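First to last, the protein sequences are chains A and B. Quick note on numbering: full-length UniProt numbering labels position 184 of the first sequence as 184, and the sequence is numbered without any gaps. Quick note on numbering: full-length UniProt numbering labels position 77 of the second sequence as 77, and the sequence is numbered without any gaps. All residues carry an ideal CB built from backbone N, CA and C; glycine is no exception. Keep in mind the model is a prediction, meaning the values are calculated, not measured.
Protein chains: 2
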Amino acid sequence: MVSRKEVAKLAGVSEATVSRVLNAAGPIKEETRRRVQDAANQLGYVPSALARNFARSKSGHLGVVMPYVPKAHLFSAYFFSEMLSGIGSKARDSGLDLLLLFRKPGEKMDYSGLFRQQKIDACIILGARDDHDELEALKRLQEEGRPFCVMNHHFAGQSFCEVDADHVEGSRTAVSHLIEQGCKRIAFLNGPDIYSNSTERLKGYRTALQDAGIEYDRELLLEGNYSRRSGLEASATIAGRLNDIDAVFAANDRMAIGVMQGLRELGLGVDQFPAFIGYDDSDVAEMAVPPLSSVRVPFYEMGVLATSKLIPDPLERISALELTGCASIRELLSTELIIRASSIRQ
Amino acid sequence: MVSRKEVAKLAGVSEATVSRVLNAAGPIKEETRRRVQDAANQLGYVPSALARNFARSKSGHLGVVMPYVPKAHLFSAYFFSEMLSGIGSKARDSGLDLLLLFRKPGEKMDYSGLFRQQKIDACIILGARDDHDELEALKRLQEEGRPFCVMNHHFAGQSFCEVDADHVEGSRTAVSHLIEQGCKRIAFLNGPDIYSNSTERLKGYRTALQDAGIEYDRELLLEGNYSRRSGLEASATIAGRLNDIDAVFAANDRMAIGVMQGLRELGLGVDQFPAFIGYDDSDVAEMAVPPLSSVRVPFYEMGVLATSKLIPDPLERISALELTGCASIRELLSTELIIRASSIRQ
DNA sequence: TTGTAGGCGTTATCAC
DNA sequence: GTGATAACGCCTACAA
Chain A
1 MVSRKEVAKL
11 AGVSEATVSR
21 VLNAAGPIKE
31 ETRRRVQDAA
41 NQLGYVPSAL
51 ARNFARSKSG
61 HLGVVMPYVP
71 KAHLFSAYFF
81 SEMLSGIGSK
91 ARDSGLDLLL
101 LFRKPGEKMD
111 YSGLFRQQKI
121 DACIILGARD
131 DHDELEALKR
141 LQEEGRPFCV
151 MNHHFAGQSF
161 CEVDADHVEG
171 SRTAVSHLIE
181 QGCKRIAFLN
191 GPDIYSNSTE
201 RLKGYRTALQ
211 DAGIEYDREL
221 LLEGNYSRRS
231 GLEASATIAG
241 RLNDIDAVFA
251 ANDRMAIGVM
261 QGLRELGLGV
271 DQFPAFIGYD
281 DSDVAEMAVP
291 PLSSVRVPFY
301 EMGVLATSKL
311 IPDPLERISA
321 LELTGCASIR
331 ELLSTELIIR
341 ASSIRQ
Chain B
1 MVSRKEVAKL
11 AGVSEATVSR
21 VLNAAGPIKE
31 ETRRRVQDAA
41 NQLGYVPSAL
51 ARNFARSKSG
61 HLGVVMPYVP
71 KAHLFSAYFF
81 SEMLSGIGSK
91 ARDSGLDLLL
101 LFRKPGEKMD
111 YSGLFRQQKI
121 DACIILGARD
131 DHDELEALKR
141 LQEEGRPFCV
151 MNHHFAGQSF
161 CEVDADHVEG
171 SRTAVSHLIE
181 QGCKRIAFLN
191 GPDIYSNSTE
201 RLKGYRTALQ
211 DAGIEYDREL
221 LLEGNYSRRS
231 GLEASATIAG
241 RLNDIDAVFA
251 ANDRMAIGVM
261 QGLRELGLGV
271 DQFPAFIGYD
281 DSDVAEMAVP
291 PLSSVRVPFY
301 EMGVLATSKL
311 IPDPLERISA
321 LELTGCASIR
331 ELLSTELIIR
341 ASSIRQ
């Protein structure tokens with residue numbers, strides 16, 4: 001490995017000067033700059049990021065915590081990959097590298113340890129669980145003043161930095177659309193309420209009903225676990241009450257598709273289907289039969305936003321402060337209802 | 001940050017001794033060990049991975065290069081997430097962290113630079129392109145003796161370390177199955193032949209035909225780009241020749257589903273569909289209507305394998321050498337045909 | 001405009 | 001068994 005020292009020697013300058021040239025820092029005589037550049041090129045010198053980070057005592061890494069995804073694919077890979085792309089895009093602009101951290105099944109994450117080991121300078125948590133250990137780990141991070149951001153989940157009663165989509169409004173819009181289509185008995189296949197997303201969606205669902213003067217009926221509430229299979233299972237219930245149900249709103253696309261599949265297996269044709277709306281607008285939505293209306297969530301943008309909250313661009317930060325006076329703790333991005341054939345009643 | 005020095009002082013030993021205790025290296029008197037442990041606990045000392053890596057001049061990172069995935073989702077996130085999980089699982093066992101590297105649109109990757117910057121100790125390339133720059137970059141890596149592994153692509157004429165699935169056999173099996181189902185005119189919607197996978201699949205397709213004594217007909221070959229949309233577009237051609245085509249073998253699930261969609265939009269019912277087989281057995285296969293038969297590719301295991309080729313477990317390495325005499329350069333894992341309704345003719 | 005020198009927190013190699 | 005003490009390659013005052 002060719003080091004700065006050799007470049008310095010060849011160029012006939014001190015090591016400090018080599019650094020100044022390569023970091024474009026401080027005033028440098030043009031001729032010196034050239035000599036150093038030439039020497040560096042000639043030797044094929046590349047500064048060691050490792051040594052640099054060490055000297056600055058920064059890892060240079062943005063940690064990204066991925067949820068544990070069991071073989072029984074509960075979640076779609078879709079939105080993790082979208083968020084990752086957003087995070088990666090912004091991180092690259094900031095000169096940060098992404099350190100991928102996989103959560104293990106039962107394991108409680110030692111977020112603080114990752115910082116203390118100097119593995120990461122900041123952290124984005126994608127698969128936050130709302131349990132005791134997780135909460136404690138995050139509270140500790142906050143006490144220690146570590147930069148971190150939780151995506152896609154809200155910890156009630158905390159003031160963590162969080163980035164999410166507005167699922168209340170997203171669900172309200174979806175259900176309102178169903179109502180506009182003439183649906184009155186709208187089943188809601190939600191996810192488990194350990195996810196804040198689920199309770200938010202329920203809220204939006206109820207708001208839409210209320211706005212339309214439709215009474216909320218607990219009997220129309222079903223719970224799945226965001227897997228296709230759980231939608232398949234829910235389909236039995238739905239099929240048995242098809243005279244009482246004219247629409248299905250599912251908390252994600254996979255469950256919606258599971259329900260469709262189940263109905264189909266029971267011999268129902270598309271023309272006998274209730275109206276359907278899914279959630280996430282993942283890639284499977286447009287592959288469904290019929291194509292599934294869905295609430296689009298800006299996962300990519302959420303990734304970008306989360307990253308910039310941790311690594312604020314100096315310029316942005318200034319203008320943000322000028323505009324708002326402070327950075328808000330929790331930010332919600334808007335969703336968009338994508339209407340396809342599944343929700344159109346004619 | 002509490003450092004080793006403070007622990008040493010509190011424990012009344014030298015820094016070297018602290019390291020010995022914490023690294024469980026060298027002989028240590030039990031009492032000393034306890035004193036050090038206590039001091040470390042009391043101070044909440046956590047060794048800095050950054051400093052450690054620097055001192056060892058190893059980054060401690062396994063780089064994973066992700067392909068550029070444009071908004072027009074050419075590929076499914078599915079197999080990248082599967083491979084990543086496999087890689088992550090094995091890397092964690094080896095004490096390596098994953099550094100995620102996103103390829104940018106036109107950018108030619110400077111793989112060698114990543115090593116010379118000491119950002120990574122080894123590298124797995126997921127989205128290899130078969131162009132000149134890429135090849136040069138990889139050849140350079142090899143010349144420099146860097147540990148790297150290409151996944152899912154074969155560079156002809158090179159002896160890179162590669163991990164892939166046996167797509168010749170996977171395709172042969174799929175097409176043979178179609179033939180067993182009585183199909184004789186099997187359209188093949190392949191991907192572009194810049195991907196070695198595509199040419200391998202074609203080979204398998206032809207082999208199956210030959211085995212069955214069916215003549216190969218170039219007219220039955222269609223080319224898409226692995227996107228659902230390209231399947232949609234191909235469906236026009238297929239629909240126009242449905243009297244001459246009794247099955248469609250697609251090089252991935254998304255294209256197969258695109259074709260189904262296209263046919264459906266043209267008013268064809270499932271009973272008029274040709275037999276279908278897709279490839280990858282991604283999560284969308286079982287969501288298709290009808291459920292799509294597909295060739296399952298062990299992406300997770302491929303990730304594990306690629307990682308262990310780079311970071312051989314000492315024990316495994318020994319036994320492998322005993323068995324084979326050397327590690328093979330290119331390894332192929334077997335695929336498995338998953339039969340669902342789409343390919344059953346009764 | 002450039003050089004000097006201390007420090008970053010380990011590892012690893014000697015001595016004792 | 002344990003303690004000194006060079007590296008490791010770079011950054012960053014502080015001097016000159």
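Is there a Cβ from chain A that is less than 8 Å from the Cβ of residue i?
i	result
LEU50 of chain B	yes
VAL65 of chain B	no
ILE194 of chain B	no
ASN190 of chain B	no
ASP280 of chain B	no
SER227 of chain B	no
SER343 of chain B	no
GLU316 of chain B	With a pLDDT of 48 at GLU316 of chain B, under the threshold of 50, the modelled position of this residue cannot be trusted, and the question is left open.
Within 10 angstroms of the Cβ of residue i, are there 16 or more other Cβ atoms? Answer buried if so, exposed if not.
i	result
ILE329 of chain B	exposed
ILE194 of chain A	exposed
VAL270 of chain A	exposed
residue 350 of chain B	The structure shown does not extend to residue 350 of chain B, since chain B is modelled only from 1 through 346, so no value can be given for it.
ASN197 of chain A	buried
GLN261 of chain B	buried
ARG241 of chain B	exposed
GLY12 of chain A	exposed
residue 349 of chain A	Outside the displayed span of chain A (1 to 346) sits residue 349 of chain A, for which this structure offers no information.
GLU162 of chain B	buried
HIS132 of chain A	exposed
Looking at residue j and residue i, is the spacing between their C-beta atoms short of 8 Å?
i	j	result
GLN181 of chain A	SER343 of chain A	yes
ILE245 of chain A	PRO274 of chain A	yes
SER171 of chain B	SER81 of chain A	no
ALA247 of chain A	ILE339 of chain A	no
SER59 of chain A	LEU50 of chain B	yes
TYR226 of chain B	GLY191 of chain B	yes
GLY278 of chain A	ALA250 of chain A	yes
ARG92 of chain B	VAL65 of chain B	no
PRO147 of chain A	ALA122 of chain A	yes
LEU332 of chain B	ALA174 of chain B	no
Between residue i and chain B, is the shortest Cβ-Cβ distance under 8 Å, so that the two count as touching?
i	result
SER319 of chain A	Residue confidence is low: SER319 of chain A scores 43 on pLDDT, short of 50, so the model does not pin down where it sits. Its coordinate-derived value is still stated next. False, the Cβ-Cβ gap to chain B never drops below 8 Å.
GLN118 of chain A	yes
ARG129 of chain A	no
PHE54 of chain A	yes
ASP121 of chain A	no
GLY106 of chain A	no
ASP93 of chain A	no
VAL18 of chain A	no
SER235 of chain A	no
ASP166 of chain A	no
ASP97 of chain A	yes
I want to verify the contact list: residues of chain A whose CB lies under 7 Å from the CB of residue i, in sequence order.
i	result
SER81 of chain B	ALA77, PHE80 and SER81
ILE257 of chain B	MET287
VAL46 of chain B	GLY113, ARG116 and GLN117
What does residue i reach in chain A if we use C-beta pairs closer than 8 Å?
i	result
VAL284 of chain B	ASP283, VAL284 and MET287
VAL69 of chain B	SER81 and SER85
Counting only Cβ pairs nearer than 8 Å, list the residues of chain B close to residue i.
i	result
ASP244 of chain A	Under the 8 Å cutoff, chain B gives no residues; its nearest Cβ is about 25 Å from ASP244 of chain A.
ARG264 of chain A	VAL289
Identify the residues that DSSP records as bridge partners of residue i: which are they?
i	result
TYR279 of chain A	A:VAL295
ALA187 of chain B	B:VAL248
GLU331 of chain A	A:VAL163
PHE148 of chain B	B:CYS123
LEU100 of chain B	A:LEU98 and B:VAL64
GLU136 of chain A	GLU136 of chain A is not bridged to any residue.
Determine the chain A residues that contact residue i at a beta-carbon separation under 9 Å, and present them in chain order.
i	result
residue 379 of chain B	Nothing about residue 379 of chain B can be reported from this structure: the residues present for chain B run from 1 to 346 only.
Using a cut-off of 7 Å between C-beta atoms, extract the partners of residue i located in chain B.
i	result
GLY88 of chain A	LEU100 and PHE102
SER59 of chain A	LEU50
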